[in-house]
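Just below is one structure, and these are the notes that go with it.
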Amino acid sequence: MEVGCGVRVPFGPRVLQGIVVEVTDKPSFPDTRDVEQLISSSPIISSERIKLALWISDYYVSPIWSSIALFLPPAFERNTLIKPKSIKYLTLVPESERAKSLSAKQHAILELLSESGGRLPVPQILEQLHLGRSVIKTLLAKGLAIEDEIEVSRDPLARRDFPLELPFTFTDNQNLAWRPIVAAISDQDSTANPNLFLLHGVTGSGKTEIYLRALAETIKRSKKGICLVPEISLTTQIVNRFFARFPGRVAVFHSKLSLGEQYDEWRRIQGGDFDIVIGPRSAIFSHQPDLGLIIVDEEHEWAYKQSDQTPRYHARDVAVQLARLTGSTLIMGSATPDIETYYKAVKGEYQLIELKERITPLGSTSLPEVSIVNMRDEFKAGNRSIFSRLLKAQVKLALEQQEQVILFINRRGQSTFVECMNCGFVPSCKRCSGFLTYHSVEKRLICHHCRRAYPVLKTCPNCYSREIKYFGIGTETVETECSKLFPYARVLRFDSDTMSKAREYEKAMNSFRKRETDILVGTQILAKGLDFPGVSLVGIVNADSGLNLPDFRSGERTFQLLCQVEGRAGRGIVAGRAVIQTYNPGYYAIKYAALHDYGGFYESELSYRREFGYPPFTNMVRLVYSHVNEDKCRAEAGRLAANIQLIIDEQGVEGFKLVGPAPAFLSRLRGKYQVQLIILGGNVQNILEKVDFPLGWILDVDPVGMI
Ligand code: ADP
Ligand code: ZN
Ligand code: ZN
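Count the sequence shown with the working numbering and you get residues 12 to 718, in order.
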C-alpha cells in the first residue's frame, strides 16, 4: 500500500471509499480497524498531489477529506466508479453459409457486413437498417457472426475541427519577455532558478502567444502543461488558439461535461494522453502527469476563488504551490494584476515580466485614448440623456466611418431598482435583506441573492400610491436609447440575461466579429479577453457602480474592470478611443484607468492598504455565521469573537485585529441572518486551528469579496 491508493475501510456499520494519505507503523488513534480492501494497486493520487491537498487543508483551514475530494475522479465519493464507455462490434464469420434459412432482416445484416469489410459497430448496423437488437442475437446464436466490445472514450470535442495555426515570429518585446521564461523551462531541475513568473502585459500585447510558445518548449522536453482560464464558456477564443496550435493534444476540463465524459477525460489525462489541459479553476486538480508548465491566464479574476463551498481555495495560489511541489514553471498573466500578486512580484517572490506595447496588424501601437466625462456637467448643461454629448458624438463618428462600438454598463452593485415616488418604499426580498431588481425579459422583480421572483408592483404596498418608478441603467435602457439616437445602427444586447447559454453567446460573438452588428451593448461579460479588431470605440456608460460598496477592494475592482473594457478598443487597424462617464471624475481608480497607468494605480492603492492595514500587509479571514434567529446569531458571533480574542491574548502575539461581529453587508440571506467577523493578522491559521467552529460557521481565508 502506498500514499495515494484508493481503499475501502469500515466506518461504523458502513464501508466507505477512501484515499491513503500517510503510511505509518503506528496508528495515530488507539482503536483502529483494518483496511478492508485495496481498490487500486497503484496510487490514484500522486504523492505531490496528496501534499498539495494537505497544504489546502492547512492553509484554508478545511477538513482533509474536502481537500482530497478535489482530486478524486468524478463520482468517486458515491462509491461507484463509472464504467468506461464501450461499443459493441459485429464481425462476420467468414465461412458461414448464407443458405441456412435466413430471414430478410438477418440477410440484410450479413449483406451490409460483407460490403463493409466484415466488421461494423452494432449501433451503426441497427441504425442504418432500422432494426432492433433481437436480430443480432439470432445471428449470434446461429454462429453467423461474433460480437466483441471495444473501449472508447466519450470525446466531447471529437466533432470539432480546428485548422492548424503556425506560431508568429516574436516581436522584440516578446523576445525580451521570453528569455527568462525559456531559461526556466530549459533548466527545471535546478531549483536555484526562480520559475514563478508574473507576466504583466497590457491588453493585446501578445501574452497568449508567449503561453503557446512556453507550452511548445515544455512539450519539446517531454513535459506537459495545465492552463487555467477564468471561465471556460467565455474564453473560447484562447481555448481555440490552443486547439489550433496543438491539434488533438488539448483536453478541456469542465463541469458542463456529462459525468461519463468527465470520467473519460480524467482517465485519459491521467494516462498522459494530452500535452495540455485547459479549464477553469478545478482544472488545477487534473492529474496531468510529468507536469512542466502551469499557466494562469487573467490571474486577477475572482472566478479563481471558490467562494461558495469548502475548501474556499484560490486556484492561482494553489497553482503556485503545485508549481513548487513539482518544480514546474508557472506563468501568471494579466493586464491588470491583482495588487497582492504584483506586490509579491515587486518583493521578488515572483519574477516580473512586462509587455508594455500592443501588437496590432500595423505593428506596435499605443493603447486607446480615453476621455473622462463628468456627468454632473452634462446635467448642468441640460443634458438628461444617459449619453453625454461627447459619447453621442463619438458613437456617431464611429458609425459613419463604419467602425464598431462597444457600450459597457457596469452592473456591479447596481441595476434597475424600483421605488415608490410617493413614500420612498423599495421592495425587498422576503428572505434576504437585498432589494429586488426589475427584469424586463421575465417582467418580474427578482432577488439576485436567492433568485426568487416576485410579481411587478402596480401599487405601493405601503401607501397605495401608483407612482412606482423604475430607475437605474440597464442594458435595455441603453439599447432603447441607441435605437432612438442611431436608428440605422444594428444593436445587439449582450448580457447574462440574454446570454444564458454558451452557444448563444458564441453565436452573438461571431455575428459581431463578422460585423453583422454595429453596436454591442453589454455588462461585465464584455470585460473578458475578447478580441474584436473592428471595434474603435468603447463607451463606459456608468463607471461608478460598485464604488461605494463596503469592500476594501472596490477601487481595485473598478480599475481592473475599466482597463479591461477599454482594452477592447483599437485592436485592429483603426486606433482605439474610449469614453468614461462618471460622477466621480477625480476618483483615483478612474483617473489611473483612463491613463492606463497600472504603476500609478498600484502606488496609490498600496499606500491606502498600508494605511488601513489591509492585504497584502496582513492576512485576512472572513468568518460568517448565519441562523434564522437573529438573537442566536448575534450571541453565537459574540461568543466566538470572545473566544478568538482569548486565544490571541493567550498567545501573546502582536499584530492581530478582530473586526466585528457586525451584520454582514447582506444582513439576511434566504431567510437567515448573517453576522460576520474579520480577523486581520500574520499567521491566522495558527489562531484558527485552535478554535472550535460549531455548525453554521463559514470560514474564508483570503476572501476576494467582503459582501
Ligand atoms: P494578449 O494575450 O496579451 O491579449 P495576444 O497574444 O492575444 O495578446 O496578441 C494580440 C494579437 O496580436 C493577437 O491577434 C495575436 O494573434 C497577435 N500577435 C501576437 N503576437 C504576435 C507576433 N509576434 N506577431 C504578429 N502578431 C502577433
Ligand atoms: Zn408608497
Ligand atoms: Zn432573496
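Backbone N, C-alpha and C fix where the C-beta goes; we use that ideal spot for every residue, glycine too.
{"Asked": "Using DSSP with H/G/I as helix, E/B as strand and the rest coil, what is Arg-335?", "Found": "helix"}
{"Asked": "In the DSSP assignment, find the beta strand (DSSP E) that holds Ile-237 and state where it starts and stops.", "Found": "235-239"}
{"Asked": "Cβ-heavy atom distance between Leu-456 and ligand 3 below 8 Å?", "Found": "no"}
{"Asked": "For Tyr-343, write down the residues that DSSP places opposite it in a beta bridge.", "Found": "Looking at the sequence itself, residue 343 is Met, so the reference to Tyr does not match. Per DSSP, Leu-209 and Val-307."}
{"Asked": "According to DSSP, is Phe-563 part of a helix, a strand, or is it coil?", "Found": "coil"}
{"Asked": "Go through the stretch 637-700 residue by residue and report every complete run of the alpha helix (DSSP H) that reaches 4 residues or more, in order.", "Found": "641-662 and 695-699"}
{"Asked": "Give the DSSP bridge partners of Ser-439, in chain order.", "Found": "Phe-446"}
{"Asked": "On a Cα-Cα basis, can you pick out the residue from Ile-147, Asn-421, Tyr-222 and Thr-347 that is closest to Leu-113?", "Found": "Ile-147"}
{"Asked": "Let me check one thing: in DSSP terms, what residues is Asn-394 bridge-paired to?", "Found": "Paired residues: none, contrary to the question."}
{"Asked": "In the DSSP assignment, what are the bridge partners of Trp-708?", "Found": "Tyr-636"}
{"Asked": "Hey, Gln-696 and Gly-550: beta-carbon distance below 9 Å or not?", "Found": "no"}
{"Asked": "Can the beta-carbon of Ile-230 be found less than 9 Å from the beta-carbon of Ala-294?", "Found": "no"}
{"Asked": "Tell me the DSSP secondary structure of Ile-370 in three-state form.", "Found": "strand"}
{"Asked": "Do you know how far the Cα of Ala-334 is from the Cα of Ala-203?", "Found": "Here Ala-203 scores only 48 on pLDDT, less than 50, and its place in the model should not be relied on; the value that follows carries that caveat. Approximately 14 Å, taken between the alpha carbons."}
{"Asked": "Here's a check: name, in chain order, each residue in its chain whose Cβ is nearer than 6 Å to the Cβ of Asn-206, leaving out the five neighbours to either side.", "Found": "Ala-195 and Thr-340"}
{"Asked": "Applying the criterion that 16 or more other CB atoms from any shown protein chain within 10 Å of the CB defines a buried residue, is Gly-17 buried or exposed?", "Found": "buried"}
{"Asked": "Compute every distance between the C-beta of Arg-442 and the non-hydrogen atoms of ligand 3, then say whether any falls below 8 Å.", "Found": "yes"}
{"Asked": "Quick check: the Cα distance between Ser-357 and Ile-397, rounded to an integer number of angstroms?", "Found": "Note on residue identity: the sequence assigns Val, not Ser, to residue 357. Their Cα atoms are separated by approximately 41 Å."}
{"Asked": "Could you work out which residue in Val-467, Val-546, Arg-679 and Ile-659 is closest to Gly-693 when comparing CA atoms only?", "Found": "Ile-659"}
{"Asked": "Distance, Cα to Cα, Gln-687 vs Arg-582?", "Found": "44 Å"}
{"Asked": "From which residue to which residue does the beta strand (DSSP E) around Gly-3 run?", "Found": "An answer regarding residue 3 cannot be provided, because it is not within the stretch 12 to 718 covered by the chain."}
{"Asked": "Is there contact between the stretch 652-668 and the stretch 709-717, where contact requires at least three CB pairs shorter than 8 Å?", "Found": "no"}
{"Asked": "First and last residue of the alpha helix (DSSP H) that includes Tyr-613?", "Found": "609-623"}
{"Asked": "Between Cys-458 and Glu-430, what straight-line distance do the alpha-carbon atoms span, to the nearest angstrom?", "Found": "15 Å"}
{"Asked": "Are the CB atoms of Pro-291 and Ala-314 nearer to each other than 9 Å?", "Found": "yes"}
{"Asked": "Flag His-460 as yes when its Cβ comes closer than 8 Å to any non-hydrogen atom of ligand 3, and as no otherwise.", "Found": "yes"}
{"Asked": "Is the beta carbon of Val-532 less than 9 Å from the beta carbon of Cys-574?", "Found": "no"}
{"Asked": "Does Pro-21 pass the burial test, meaning 16 or more other C-beta atoms within 10 Å, or should it be called exposed?", "Found": "exposed"}
{"Asked": "Following a CB-centred definition, is Pro-366 positioned closer than 8 Å to any heavy atom of ligand 1?", "Found": "Inspection of the sequence shows that residue 366 is occupied by Leu rather than by Pro. Yes, the Cβ of Leu-366 comes within 8 Å of a heavy atom of ligand 1."}
{"Asked": "Does the beta carbon of Arg-323 fall short of 8 Å from some heavy atom of ligand 3?", "Found": "no"}
{"Asked": "Buried or exposed for Leu-402, going by 16 or more other Cβ atoms inside 10 Å?", "Found": "buried"}
{"Asked": "Got a sec? Which residues, its chain only, sit under 6 Å from Glu-720 by beta carbon, not counting five neighbours each side?", "Found": "Any property of residue 720 remains undetermined from this structure, which presents the chain solely from 12 to 718."}
{"Asked": "For Leu-226, verify whether its CB is less than 8 Å away from any heavy atom of ligand 3.", "Found": "no"}
{"Asked": "If you draw a straight line from the C-alpha of Arg-25 to the C-alpha of Ile-50, how long is it?", "Found": "16 Å"}
{"Asked": "At a threshold of 8 Å, does Ile-221 count as lining ligand 5 (C-beta to nearest heavy atom)?", "Found": "What this structure holds is ligand 1, ligand 2 and ligand 3, not ligand 5."}
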